[in-house]
Amino acid sequence: MSQTSFTSVFIAVFLGTALVVVSLVLNENRPSADVDRPSASLVKATGKCAECHRRETSSVVHQYEMSQHSAKNVTCLDCHKPSKGQLKLDHKGFEIAKQLTSKNCAGCHKTEYDQFLRSRHAAPSWAAVAGDVDFTVEQIAFAEKYHKGTIKRPPNALSLLEGPAAIKSGCMNCHDIGRPNPDGSIGNCTDCHARHSTSIALARQPETCGQCHMGPDHSQLEIYHESKHGVLFNAQKKYFDLTADPKKLSTADMSVPTCSTCHMSGLEGLKVTHDTTERLSWFLFAATSDKRPHYERGQTEMKETCLKCHTKGPVDQFYAEAEAVVHATNAKVNEANQLMAELREEGLLTPEPFDEPIEFLYFDYWHYYGRTAKHGAFMGGADFVQWHGNYELLKVLVDMKEMAAELRKQKASIQGEAP
Amino acid sequence: MSEFGNSQSPLRVWLVEIFAFGNLAFLSVDIYLAHRVNDFAHAAEWIPVYFSATVPLLLIPGILKRRHNDRMSRKFGFVVGVSSILVGLAGLLFHLDGSFFHTQTLKSLVYTAPFAAPLSYTGVGFLLLLNRMEEDGSPAWGPWITFLAMCGFVGNLALSLCDHAQNGFFAKTEWISVISSAFAVSFLIVAIVRQHDHRLHRACVYVMGLQIVVGVLGFVLHATADLHGPSDSIRDNFIYGAPVFAPLLFANLAILGLIGLWETLSYTGSESTEL
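First to last, the sequence lines map onto chains A and B. Each residue of the first sequence is one higher than the one before, counting from 195 in this note's numbering. Each residue of the second sequence is one higher than the one before, counting from 242 in this note's numbering.
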């Protein structure tokens with residue numbers, strides 16, 4: 195009797211132990227990234243979020259699955275958990291941030307965020323529309339250190355005239371790349387990298403920069419597509435690896451540059467930067483362009499990029515020709531400036547901006563055609579230097595002079611009639 | 242052994258009727274919480290909630306009269322039993338739409354809808370059929386009850402393994418339920434195969450007692466975890482956090498197992514057993 199019971203108990207214990215071992219083995223074979231995370235919520239987020247979001251907002255799951263974050267087992271909660279200073283939101287058993295900002299990205303990508311903070315994409319971008327009212331004293335001081343006069347400034351006069359609806363749906367759709375966030379951070383990274391795909395390849399696409407850098411006031415996208423760089427890229431992009439690691443990018447991955455290659459990339463040993471102003475040498479966006487404070491360093495760094503594909507002679511010649519266009523454009527804009535100053539001195543214009551036709555013509559003169567000529571020269575867009583730039587500069591200045599003459603004639607006739 | 246008709250149900254049969262009614266009725270609350278997690282995304286998710294809230298009421302007259310086999314109670318029992326089996330099987334098919342069956346990875350198995358869970362209806366449905374199709378006191382009744390309890394513990398083993406894998410067995414105590422249910426399964430299997438091993442059945446009684454302790458402990462641990470959950474809302478913590486009633490399934494199934502073992506023990510008496 196006792197032997198029989200022992201047999202039964204032995205079989206039961208053996209079976210039970212076998213089941214436990216099978217359970218342990220099964221759990222052990224789960225992806226380590228699922229199991230070895232620092233909190234239960236993070237482990238849960240590796241798969242739980244997708245259970246609902248495959249049904250509710252399925253594209254974000256598919257976008258995430260395409261991302262490097264997914265390949266490296268970054269969970270939804272890694273990005274969506276609240277950072278210091280962010281409002282929290284209870285969401286289906288998880289605590290997430292009410293609004294994601296660059297601060298969430300900076301948790302892992304601090305170097306990139308710090309570089310971005312120094313760029314004109316950061317605070318100066320927002321201040322160009324809204325002025326300095328939304329920034330803290332510390333943020334203003336920081337940005338002024340790198341871009342003097344671009345933060346401590348009033349709101350954009352033209353935007354104010356166009357009204358809040360135009361500002362919100364127009365201006366700020368681009369300029370919010372440098373928005374001040376409630377958590378104290380500035381900007382968002384998703385303008386260039388998108389949200390759930392968090393894509394390097396996307397940031398390397400010319401169209402990504404071209405979401406904002408296009409149109410008559412800064413036609414970089416159009417110029418790029420006209421340039422030899424753009425033509426080659428469009429013809430050959432299927433052969434390029436736009437997903438290559440930025441720090442290991444080589445001309446084998448991308449033998450033709452896009453915007454990010456020249457302005458940001460670590461092409462063959464260069465220093466990667468998210469400060470898009472680092473390799474610039476002129477203030478091309480200004481009415482009359484001056485050299486940037488770090489002219490020499492900026493030009494040297496950009497030329498180092500050029501030298502990955504071109505020899506020194508043509509690069510130096512290209513720069514000399516482009517700078518000649520800058521000087522020539524400056525001279526033309528100075529002539530227009532002089533004309534406008536004289537009209538104001540003669541009392542032919544009111545102090546208010548954008549209330550007389552010649553003010554719009556003058557604004558188009560430097561803001562459209564002057565910039566286009568200079569950008570065209572630095573980006574290899576011959577048609578933009580000539581027809582969209584210099585031809586218009588010539589034509590509009592004639593129009594402005596004629597308008598000025600008309601204003602003077604009207605004033606003289608009014609004075610003649612006066613008793 | 243009782244005859245069909247007006248004779249009173251034996252105590253253990255009556256207890257199984259109460260067990261079946263309690264389980265079916267309580268599933269409405271449990272499933273409401275489970276399906277609330279995904280906001281009843283599919284209209285069919287309401288079916289078990291309404292089913293459990295209404296259909297088990299048909300069992301009440303028979304339970305109150307303690308007559309499960311009079312004409313009406315027998316018919317109602319069959320209706321409830323068969324419909325429970327169908328609801329369980331339909332639930333299984335609906336749950337098969339989970340991500341595991343699209344990607345078939347261990348990870349997707351963990352996060353898919355628990356496709357075995359609806360079979361709890363099927364199990365309870367079989368209990369009601371068993372009470373009506375197997376004569377009271379027959380040698381097969383006790384082992385069948387034990388078998389159904391064992392099937393429940395198989396489900397407990399699978400679900401506690403998958404559910405706790407969702408947070409990577411972050412607390413080591415989460416293994417208690419897996420180990421406990423593994424031994425519940427193994428002991429009950431041997432008890433079914435070796436129906437005359439009186440001493441093993443006594444050992445099984447202790448194993449079932451342990452399941453009750455584990456169930457209550459799990460309830461306390463889950464409730465404590467939910468009370469300290471990440472959400473400010475206790476309601477949300479209970480819906481999206483640890484399933485507070487799930488551990489009580491251990492105690493619940495242990496009671497069923499004990500009824501089966503009790504019947505088998507009383508049938509086999511103190512006779513010795515042979516291999």
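Positions of the beta carbon are idealized from the N, C-alpha and C atoms, including for glycine. It should be emphasised that the depicted structure is a prediction, and the values quoted were computed from it without experimental measurement.
Considering only beta carbons, the part of the stretch 401-428 of chain B lying closer than 7 Å to chain A consists of L402, A406, Q407, N408, G409, F410, F411, V419, I420, A423, F424, V426, S427 and F428, in chain order. Looking at the backbone, the Cα of K275/A and that of A275/B are separated by about 25 Å.
Assignment of E472/A by DSSP, reduced to helix, strand and coil, places it in the coil class. For L352/A, no beta strand (DSSP E) run applies; the uninterrupted alpha helix (DSSP H) run containing it begins and ends at A351 to E356, by DSSP. Taking 7 Å as the cut-off between beta carbons, the residues of the stretch 428-453 of chain B near chain A are F428, I430, V431, R435, D438, R440, L441 and A444, in sequence order.
Of all residues in the stretch 269-294 of chain A, the ones placed with a Cβ closer than 7 Å to any Cβ belonging to chain B are D284, K286, G287, F288 and E289, in chain order. If you draw a straight line from the Cα of C392/B to the Cα of D473/B, it comes to about 38 Å. Listed along chain A is no residue with a C-beta nearer than 7 Å to that of Y362/B; the closest approach is about 23 Å. With the criterion set as a beta carbon lying under 9 Å from some beta carbon of chain A, the members of the stretch 473-496 of chain B are D473, S474, D477, N478, I480, Y481 and G482, in sequence order. Look at A285/B: its C-beta is not under 8 Å from any C-beta on chain A. Rounded to whole angstroms, the gap between the alpha carbons of S361/B and A359/A is 58 Å.
Annotation: the stretch 463-491 of chain B contains the following complete segments of the alpha helix (DSSP H) (minimum length 4 residues), in chain order: 475-481. Closest in C-alpha terms to E250/A, from the list R307/B, L265/B and A282/B, comes A282/B. In this structure, the CA atom of K413/B is about 30 Å from the CA atom of H442/B. Taking the CA atoms as reference points, L281/A sits about 26 Å from T465/B. Put simply, the CB of N264/B is far from chain A, with every gap to its CB atoms at 8 Å or more. With respect to the C-alpha of W581/A, the residue from L591/A, M573/A, D593/A and A567/A having the closest C-alpha is A567/A. When CB distances to chain A are screened at a threshold of 7 Å, not a single residue of the stretch 251-275 of chain B falls below it.
Taking a beta-carbon distance threshold of 8 Å, V461/B does not count as an interface residue toward chain A.
Under the criterion of beta carbons closer than 8 Å, K286/A and C246/A qualify as touching, at roughly 7 Å.
The three-state reading of DSSP puts D510/A in helix, counting H, G and I together.
Counting along the chain, A291/A sits inside the beta strand (DSSP E) bounded by residues F288 to A291. Judged by beta-carbon spacing, G241/A lies beyond the 8 Å limit of Y291/B, meaning their Cβ atoms are not closer than that value.
Setting aside the 5 residues that flank it on each side, A300/A is surrounded in the same chain by Y307, each with a C-beta closer than 6 Å to its C-beta; the list follows chain order. DSSP places H285/A in the strand class (E or B) of the three-state scheme. For the stretch 290-347 of chain B, not one full-length beta strand (DSSP E) segment reaches 3 residues or more. A residue is called buried once 16 or more other Cβ atoms fall within 10 Å of its Cβ, and P487/A, having fewer, is exposed.
Distance from the CA atom of E332/A to the CA atom of A480/A, rounded to whole angstroms, is 26 Å.
When DSSP states are grouped into helix, strand and coil, I380/A belongs to the strand group. I326/B counts as buried, since no fewer than 16 other beta carbons sit within 10 angstroms of its beta carbon. Under the three-state reduction of DSSP, K442/A is assigned to helix. For Y352/B, a Cβ of chain A is located within less than 8 Å of the residue's own Cβ. Between the stretch 315-334 of chain A and the stretch 379-396 of chain A, the count of C-beta pairs closer than 8 Å reaches three or more; the two stretches touch. Here the alpha carbons of G507/A and E401/A stand approximately 31 Å from one another. Excluding five sequence positions before and after Q257/A, the CB atoms of its chain that fall closer than 6 Å to its own CB belong to H390 and S391, given in chain order. Beta bridge pairing from DSSP links P374/A with I380/A.
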